[in-house]
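Chains as they are written, first to last, in UniProt numbering: chain A, 1 to 183; chain B, 1 to 183.
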DNA sequence: ACCATGCCTGACCGATCGGCCAGGTTCTGA
DNA sequence: TCAGAACCTGGCCGATCGGTCAGGCATGGT
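Below you can see the structure in the form of structure tokens.
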């Protein structure tokens, strides 16, 4: 895991700066200064700025893939409830990563991050319960992006009641029963 | 109003490109090319890139100020309902402008746009009904940013049922009665 | 003692971008 | 007709940024 101390520092510092100023808003020189190394060192450990972002996002991407896979086996309100619960968990677990993508929507146009798009689409569809009613789809979009926003807003605030509050508001908005269905 | 043809073209084209690629993602050279004039012409008509954005956002800013002023006279659920209805109207009326700010959250750090921040805060507080309960404030944040997202997503899609769908999902999420209170 | 490897760096490069300027052209009113 | 204002432009500048490169330094194995 910890192949190198400096390498880990770069990731830690990058995560903080990217979350604060956005990916495009954070020059390599700022990362280098915060780490205490030269800009060239960053490029020694990583193939480029994009590679730093990709590695930072990898655990979150894996979790998103996982959630996506879990949802394919479910249908109806089971799928909707699992999608809400799973996504709230994912947002809380990877707040800064979600906030990062949220704060720079054009990042998903990067080739390396294109894999996220279909997952988000399927997640949105799961929120809507596969309904063709535009009102349901719009509600799903509102909930999805609203939950993401919290990743930004509360990036450094481990509020204990946050999970419940998010789950409840999402279920209300999506017209889902308030209690967890399967646990 | 129409002081100059080229000037109007610049604003029209800028609105389109800013909405598509974001403010920071749109160089002046692209605007000039799309307008069919030189980059220097842009800077003849406007003090700078920021000035173009400021002028584009002025009508939306005025509407936001207006909504803010209307809300100060109301309290309780009246204020919450008026905030929801007013903000949905504002988002639908100024979709591309809202989407623009949403797509580049760091724009509000621009001095010229700092005026928006307190308005958004008050609007969020109005959504929460002034409640000190974190769950209410979180619900308000989810709704506020969720509604903004739609400005991006449906920027060019004048869907007729959009207003109703947005109002209903917002009211559900905020635990407000579903019918308009005062009309 | 020597070399190979991993780690790190200053200096530099090319591209991009916002903005400035001197000067040219067109329009307008006296 | 002509002066001045309004409009427009190519060319240039400085700053920023991602990325490259040759070389320095420490470490550890032989």
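All C-beta atoms in this analysis are idealised placements derived from N, C-alpha and C, irrespective of residue type, glycine included.
In terms of residues, what are the limits of the alpha helix (DSSP H) holding residue i?
| i | result |
| --- | --- |
| residue 148(B) | 134 to 153 |
| residue 45(A) | 39 to 45 |
| residue 59(B) | 49 to 72 |
| residue 6(A) | 5 to 21 |
| residue 76(B) | 76 to 93 |
Quick one: is residue i buried, meaning 16 or more other Cβ sit within 10 Å of its Cβ, or exposed?
| i | result |
| --- | --- |
| residue 14(B) | buried |
| residue 75(A) | exposed |
| residue 1(B) | Residue confidence is low: residue 1(B) scores 47 on pLDDT, short of 50, so the model does not pin down where it sits. No coordinate-derived value is stated. |
| residue 65(B) | exposed |
| residue 145(A) | buried |
| residue 184(A) | Since the displayed chain A opens at 1 and closes at 183, residue 184(A) lies outside it and no answer follows. |
| residue 80(B) | buried |
| residue 36(B) | exposed |
| residue 12(A) | exposed |
| residue 118(B) | exposed |
| residue 104(A) | buried |
| residue 164(B) | exposed |
In chain order, what residues of the same chain have a beta carbon less than 7 Å from the beta carbon of residue i, not counting five sequence neighbours either side?
| i | result |
| --- | --- |
| residue 183(B) | Interpretation of residue 183(B) is limited by its pLDDT of 41, a score under 50 that renders its predicted location unreliable; the figure taken from the coordinates is listed afterwards. Cβ within range, chain order: n/a, list empty. |
| residue 19(B) | 96, 99, 100 and 155 |
| residue 162(A) | 92 and 154 |
| residue 82(A) | 70, 71 and 74 |
| residue 124(A) | 140, 141 and 144 |
| residue 152(B) | 99, 102 and 103 |
| residue 24(A) | 104 |
Considering only residues of the same chain and omitting the five flanking positions on each side of residue i, which have a CB-CB separation below 8 Å?
| i | result |
| --- | --- |
| residue 61(A) | 115 and 116 |
| residue 45(A) | 4, 6, 7 and 10 |
| residue 111(A) | none |
Tell me which same chain residues have a C-beta within less than 6 Å of the C-beta of residue i, skipping the five on either side of it?
| i | result |
| --- | --- |
| residue 128(B) | 136, 137 and 140 |
| residue 150(B) | none |
Using a Cβ cut-off of 8 Å (strictly closer), state whether residue i contacts chain B.
| i | result |
| --- | --- |
| residue 64(A) | no |
| residue 120(A) | no |
| residue 74(A) | no |
| residue 17(A) | no |
Confirm, please, whether the CB-CB distance from residue j to residue i is below 8 Å.
| i | j | result |
| --- | --- | --- |
| residue 91(B) | residue 53(B) | no |
| residue 63(A) | residue 94(A) | yes |
So that I know if they touch, is there some Cβ in chain A lying closer than 8 Å to that of residue i?
| i | result |
| --- | --- |
| residue 22(B) | yes |
| residue 84(B) | no |
| residue 182(B) | Because the pLDDT of residue 182(B) is 41, which lies under 50, any placement of that residue in the model is unreliable, and the question is left without a value. |
| residue 130(B) | no |
| residue 145(B) | yes |
| residue 31(B) | no |
| residue 80(B) | no |
| residue 165(B) | yes |
| residue 45(B) | no |
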